[in-house]
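Taken in sequence, the protein lines are chains A and B. The first sequence finishes on residue 270 if you use my numbering, and the numbering steps up by one all the way, no holes. The second sequence finishes on residue 540 if you use my numbering, and the numbering steps up by one all the way, no holes. Cβ atoms here follow ideal geometry from the backbone N, Cα and C, with glycine treated the same way. None of the values given here were measured: they were computed from a predicted structure. I have placed the structure first, in the form of structure tokens, so that the comments after it can refer back to it.
Protein chains: 2
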Amino acid sequence: MYLLKDNFAKKKSLQMRICLIGAGNLATQLGMALSEKGHQVGQVWSQTSKSAAKLGTKLNSSYTTEIDSLISDADIYIIAIRDQSIAPLLASYQWGTKLVVHTAGSIPMSILEPYCQNFGVFYPFQTFTIDKKVDFEQIPVCIEASNSQNLEILSQLALSVSQNVRHIHSGQRQQIHLAAVFACNFVNHFYTIAKELTEEKGIGFDILKPLILETAQKAVNQTPKSSQTGPAIRNDKAVMEKHLEMLAGHPDLQNIYSQISQRIIHTHKL
Amino acid sequence: MYLLKDNFAKKKSLQMRICLIGAGNLATQLGMALSEKGHQVGQVWSQTSKSAAKLGTKLNSSYTTEIDSLISDADIYIIAIRDQSIAPLLASYQWGTKLVVHTAGSIPMSILEPYCQNFGVFYPFQTFTIDKKVDFEQIPVCIEASNSQNLEILSQLALSVSQNVRHIHSGQRQQIHLAAVFACNFVNHFYTIAKELTEEKGIGFDILKPLILETAQKAVNQTPKSSQTGPAIRNDKAVMEKHLEMLAGHPDLQNIYSQISQRIIHTHKL
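Following this line, the structure appears as structure tokens:
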């Protein structure tokens, strides 16, 4: 894995014509970032006409629900749809020599090989929701390609939207995606649990917000291991037992509480 | 629970003489915040002379390891030591009519009752480490007191360091502390797990930082429930199975992965 750098002037002059296949969270945020950086999203494809129209209108591009009507002159075809839909979509079109990439964290690049001659992966590593604009410049973009020319094209495209571009192979990308399930998806579910617990006692979620932000900031500025606080790292059995009692109405949370406390104790060799 | 407001001019004119009992993470950060706001930390007590001296010097106050040498003229005695040390410390001194508060999330106010006539709780709700300065103004401070006069004193002291002061009873405070174990301590351990997973494949922790910050920011700006992403909320069984395979070397993480994914599926009624 290495961080790619490029000449800024070169980046600015590069313009690509893009066919964007998908209109969900990632397609929307990526399409907007590409447009803003001067690329032309020539077409949006989506399975549903409503979402195709919505994103097409937003990006000032044509849109379609017909896979046979894809534009033929795009420099790159970016597939940003659900993982399980990628193979069927690939099989439904003759890609020829077109450069086709997917954007999925957990799908190997090799899924493209039976269908395409020029292919790769363009994986922006962030959590996207459709209506929340993100600062793409700071997002790590992990790229991989079938050959060095394609890697160069993907590298230029990635560097035009992000300062944080990395050449990462499929095995590493899948591991990053797994790590993100813990650092983002499970973390967010724990925020949800904390919100439920405070609201049970008539306390608003607001009280947790400074703590949530400080915890993230500390892990990033220091390391998470050195930032660990709480009853488990103090091996404070009285508090942990009290908490398990308080969770009597939530056996699932009792289980999670015990397991993670044990893992903290074990990780820090208490 | 209600949010307390006060007249700013009144806050600025108030100065208290404080005896700070403890010299750990919280005592250090609280002592510094109180000093900065013009209060006088007259004395620091700690069990170990090294930490008493360190914090005493930092706060320009006297320090001691002898409980019998506590100053007698402080307006308030703030106990910021380990939970299990609070009762023994309380029992080792004649408090008389002195106003004594503890700062612990999970200890009820009633622990003070056998030993003190004037007492309360002053609980700054944040994760503290000794060398990381925090912006105390934004930290929720939860207060509780044995009577209305003491509550007024605590309220004034709290409002002098924070804009976010709440009158919260012991049951609510214990629940907030439990919620914080999920939203802070367990979250931080998941950052630690994510770091381990990326490093296993030779990838630096840096790649996770934008994701960690965005996840926290989104939960705070929207709600965590509406911000949920990932394979579990898509009920994407293929990815979840793949992840469990990838965790084959970590049976503890497989267990945690399955349980939390199930809870996400259940919470969102998929």
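Beta-carbon neighbours of residue i, restricted to chain B and to distances below 8 Å
{"i": "Glu200/A", "result": "Gln445"}
{"i": "Leu213/A", "result": "Ala486, Gln487, Val490"}
{"i": "Gly171/A", "result": "Lys471"}
{"i": "Met246/A", "result": "Gln444, Gln445, Leu448"}
{"i": "Gln84/A", "result": "Asp506, Ala508"}
{"i": "Val134/A", "result": "Glu484"}
Within 7 Å, strictly: CB atoms of residue i and residue j
{"i": "Cys289/B", "j": "Tyr347/B", "result": "yes"}
{"i": "Gly230/A", "j": "Asn455/B", "result": "yes"}
{"i": "Ser35/A", "j": "Leu70/A", "result": "no"}
{"i": "Lys307/B", "j": "Val391/B", "result": "no"}
{"i": "Thr285/A", "j": "Thr397/B", "result": "Coverage of chain A is limited to positions 1 through 270, which leaves residue 285/A absent and any answer about it impossible."}
{"i": "Thr334/B", "j": "Trp365/B", "result": "no"}
{"i": "Gly312/B", "j": "Ala344/B", "result": "yes"}
{"i": "Tyr363/B", "j": "Ile400/B", "result": "no"}
{"i": "Ser416/B", "j": "Phe389/B", "result": "yes"}
{"i": "Leu247/A", "j": "Gln156/A", "result": "no"}
{"i": "Ile291/B", "j": "Ile349/B", "result": "yes"}
{"i": "Phe460/B", "j": "Ala194/A", "result": "no"}
{"i": "Ala450/B", "j": "Leu211/A", "result": "yes"}
{"i": "Thr192/A", "j": "Lys495/B", "result": "yes"}
{"i": "Ala293/B", "j": "Ser321/B", "result": "yes"}
{"i": "Asp353/B", "j": "Ile381/B", "result": "no"}
{"i": "Asn188/A", "j": "Ser331/B", "result": "no"}
{"i": "Gln442/B", "j": "Ile203/A", "result": "yes"}
{"i": "Glu137/A", "j": "Gln163/A", "result": "yes"}
{"i": "Val101/A", "j": "Gln29/A", "result": "no"}
Partner residues on chain A for residue i, Cβ-Cβ distance less than 7 Å
{"i": "Lys479/B", "result": "Val220"}
{"i": "Tyr461/B", "result": "Ala183, Ala219, Pro224"}
{"i": "Lys408/B", "result": "One detail in the question is off: residue 408/B reads as Gln in this sequence, not Lys. Chain A residues near Gln408/B: Pro210."}
Partner residues on chain B for residue i, Cβ-Cβ distance less than 7 Å
{"i": "His243/A", "result": "Leu448, Val451"}
{"i": "Ser227/A", "result": "Thr399, Asn458"}
{"i": "Ile111/A", "result": "None at all; the shortest Cβ gap to chain B is about 12 Å."}
{"i": "Lys37/A", "result": "Those do not exist, as Lys37/A stays about 18 Å from chain B at its closest Cβ, beyond 7 Å."}
{"i": "Asp75/A", "result": "By Cβ distance, chain B contributes nothing, its closest Cβ being about 27 Å from Asp75/A, past 7 Å."}
{"i": "Val161/A", "result": "Per Cβ cutoff of 7 Å: no residues; Val161/A is ~13 Å from chain B at best."}
{"i": "Ser106/A", "result": "Val509, Lys512"}
9 Å Cβ cut-off: residues of chain A touching residue i
{"i": "Thr537/B", "result": "His189, Thr192, Ile193, Glu196"}
{"i": "Gly500/B", "result": "Thr127, Ala180, Val181, Cys184, Asn185, Phe186, Asn188, His189"}
{"i": "Gly292/B", "result": "Near Gly292/B there are no residues of chain A at all, since even the closest Cβ is about 14 Å away, more than 9 Å."}
{"i": "Asp522/B", "result": "Gln259, Gln262, Arg263, His266"}
Per-residue DSSP class, three states only, for residue i
{"i": "Glu214/A", "result": "helix"}
{"i": "Phe128/A", "result": "coil"}
{"i": "Ile288/B", "result": "strand"}
{"i": "Gln84/A", "result": "helix"}
{"i": "Ala415/B", "result": "strand"}
{"i": "Val134/A", "result": "coil"}
{"i": "Asn388/B", "result": "strand"}
{"i": "Ile153/A", "result": "helix"}
{"i": "His439/B", "result": "coil"}
{"i": "Ile107/A", "result": "coil"}
{"i": "Asn277/B", "result": "Low per-residue confidence applies at Asn277/B: pLDDT is 45, beneath 50, and the placement is therefore not dependable, though the value from the model is reported in the following sentence. Three-state result, Asn277/B: coil."}
{"i": "Lys12/A", "result": "Residue placement at Lys12/A is flagged as unreliable, the pLDDT there being 49, under the threshold of 50; a coordinate-derived value is accordingly withheld."}
Unbroken alpha helix (DSSP H) run spanning residue i, endpoints
{"i": "Ile463/B", "result": "457–470"}
{"i": "Ala183/A", "result": "Premise fails: Ala183/A is in no alpha helix (DSSP H) and is neither H nor E."}
{"i": "Val509/B", "result": "507–516"}
{"i": "His266/A", "result": "251–267"}
{"i": "Gly312/B", "result": "That residue, Gly312/B, is in no alpha helix (DSSP H); its beta strand (DSSP E) goes 310–315."}
{"i": "Pro224/A", "result": "224–227"}
{"i": "Ser35/A", "result": "25–36"}
{"i": "Ser49/A", "result": "49–59"}
Where the beta strand (DSSP E) through residue i begins and ends
{"i": "Thr334/B", "result": "332–334"}
{"i": "Leu99/A", "result": "99–102"}
{"i": "Ile346/B", "result": "346–349"}
Under 9 Å from the C-beta of residue i: neighbouring residues of chain B
{"i": "Arg17/A", "result": "The premise fails here: Arg17/A is roughly 28 Å from chain B at the closest Cβ pair, so nothing lies under 9 Å."}
{"i": "Ser51/A", "result": "Per Cβ cutoff of 9 Å: no residues; Ser51/A is ~16 Å from chain B at best."}
{"i": "Ile256/A", "result": "Phe452, Phe456, Ile526, Gln529, Ile530, Arg533"}
Chain-ordered neighbours of residue i on chain A, where CB pairs are closer than 8 Å
{"i": "Thr371/B", "result": "The amino acid occupying residue 371/B in the given sequence is Val; Thr does not appear at that position. Within chain A, no residue comes near Val371/B; the closest Cβ sits about 19 Å away, beyond 8 Å."}
Counting pairs of beta carbons, one from the stretch 506–513 of chain B and one from the stretch 189–205 of chain A, are three or more of them closer than 8 Å?
Taking 8 Å as the limit for Cβ pairs, the verdict is that the stretch 189–205 of chain A does not touch the stretch 506–513 of chain B.
Report yes or no: do the stretch 489–499 of chain B and the stretch 257–267 of chain A share at least 3 C-beta pairs separated by less than 8 Å?
Contact between the stretch 489–499 of chain B and the stretch 257–267 of chain A is absent, because fewer than three Cβ pairs lie under 8 Å.
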